[in-house]
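Accompanying notes for the structure given below.
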Amino acid sequence: DQQVKQNSPSLSVQEGRISILNCDYTNSMFDYFLWYKKYPAEGPTFLISISSIKDKNEDGRFTVFLNKSAKHLSLHIVPSQPGDSAVYFCAASARIGTGNQFYFGTGTSLTVIP
Amino acid sequence: EPEVTQTPSHQVTQMGQEVILRCVPISNHLYFYWYRQILGQKVEFLVSFYNNEISEKSEIFDDQFSVERPDGSNFTLKIRSTKLEDSAMYFCASSRGTGANVLTFGAGSRLTVL
Numbered sequence: 001d002q003q004v005k006q007n008s009p010s011l012s013v014q015e016g017r018i019s020i021l022n023c024d025y026t027n028s029m030f031d032y033f034l035w036y037k038k039y040p041a042e043g044p045t046f047l048i049s050i051s052s053i054k055d056k057n058e059d060g061r062f063t064v065f066l067n068k069s070a071k072h073l074s075l076h077i078v079p080s081q082p083g084d085s086a087v088y089f090c091a092a093s094a095r096i097g098t099g100n101q102f103y104f105g106t107g108t109s110l111t112v113i114p
Numbered sequence: 115e116p117e118v119t120q121t122p123s124h125q126v127t128q129m130g131q132e133v134i135l136r137c138v139p140i141s142n143h144l145y146f147y148w149y150r151q152i153l154g155q156k157v158e159f160l161v162s163f164y165n166n167e168i169s170e171k172s173e174i175f176d177d178q179f180s181v182e183r184p185d186g187s188n189f190t191l192k193i194r195s196t197k198l199e200d201s202a203m204y205f206c207a208s209s210r211g212t213g214a215n216v217l218t219f220g221a222g223s224r225l226t227v228l
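First to last, the protein sequences are chains A and B. In this text, residue positions in the first sequence follow the numbering used here: the first is 1, and each later residue adds one. In this text, residue positions in the second sequence follow the numbering used here: the first is 115, and each later residue adds one.
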């Protein structure tokens, strides 16, 4: 049961243009959403997050948009840089028992072409 | 910046052997997790741990897996009798607590079962 879905396994963008990575989820109990970036042979690193009570969160070149009615979120990177080339994982969090449980998508591999 | 430390970075073992993967979470974090990623596949949740006990586990986390926090700093994942399909990157993660919080991942331990 894939509760968090990233339907695009890969994306290529020219340097300087906007990268848009998409994520869909099914569980309406999710209350927090995160994006992680992963380079080969490294662990995922936290990039940006958004609470379910918001619809937009911006941090520098990175903006996450949340559309709760559509159960959809997206990550915008503008302008894209070659160093942004990595796998991006969308994650959603829900309160389970005494703590939070995190569910991850399958990832989108972003390639930024110089 | 505090980080999650995992050892070993790579372990090669024979099928049927026991393996212990070690993790040192961030010191003021209370929740601990193990995830794995089989090559080319999604990041999969294995188990979460809080207050010295398992708080949730996935179907993957069967009787051959166990976790413990023996000394208040290390958090270990033991695989009793490894199978070929256990070959994967195993990621340890920790988080501060409930509410809006972030998982911080280690760099991962690559397990190769021959």
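The beta carbon of each residue, even a glycine, is placed where N, CA and C say it ideally should be.
Contact list for residue i against chain B, beta-carbon separation under 8 angstroms
i      : result
E42(A) : A221 and G222
Short CB-CB distance (under 8 angstroms) between residue i and chain D
i       : result
S162(B) : Given the protein chain composition of this structure (A and B), no chain D is represented.
Partner residues on chain A for residue i, Cβ-Cβ distance less than 9 angstroms
i       : result
S157(B) : The amino acid at residue 157(B) is misidentified as Ser; the sequence shows Val. Y36, K38, P44, F89, A91, F104, G105, T106 and G107, listed in chain order.
E173(B) : Neighbours of E173(B) on chain A: none; closest Cβ ~10 angstroms, over 9 angstroms.
Minimum Cβ-Cβ distance from residue i to chain A less than 8 angstroms
i       : result
Y145(B) : yes
F205(B) : yes
S209(B) : yes
8 angstroms Cβ cutoff met for residue i and residue j
i       : j       : result
L21(A)  : L34(A)  : no
S85(A)  : R17(A)  : no
M129(B) : L225(B) : no
Y164(B) : S208(B) : no
H143(B) : R210(B) : yes
K38(A)  : F89(A)  : yes
V112(A) : S8(A)   : no
T63(A)  : H72(A)  : no
C137(B) : F189(B) : yes
Interface partners of residue i on chain B, CB under 7 angstroms
i      : result
S99(A) : Reading the sequence as shown, one finds Gly at residue 99(A) and not Ser. Y145, S162, Y164, S169 and T212, listed in chain order.
I96(A) : E170
The ligand HEM heavy atom lying under 7 angstroms from the CB of residue i
i       : result
R224(B) : The model depicted lacks the ligand HEM and carries no ligand whatsoever.
### Task
Check whether the region 215-228 of chain B touches the region 32-46 of chain A, taking contact to mean three or more Cβ pairs, one atom from each stretch, closer than 8 angstroms.
yes
### Task
Anything in the region 66-79 of chain A with a Cβ closer than 7 angstroms to a Cβ of chain B? List those residues in chain order, please.
none
### Query
Per the contact definition of three or more C-beta pairs closer than 8 angstroms, is the region 94-105 of chain A in contact with the region 52-65 of chain A?
no
### Query
Does the region 117-124 of chain B come close enough to the region 176-188 of chain B that 3 or more CB-CB pairs lie under 8 angstroms?
no
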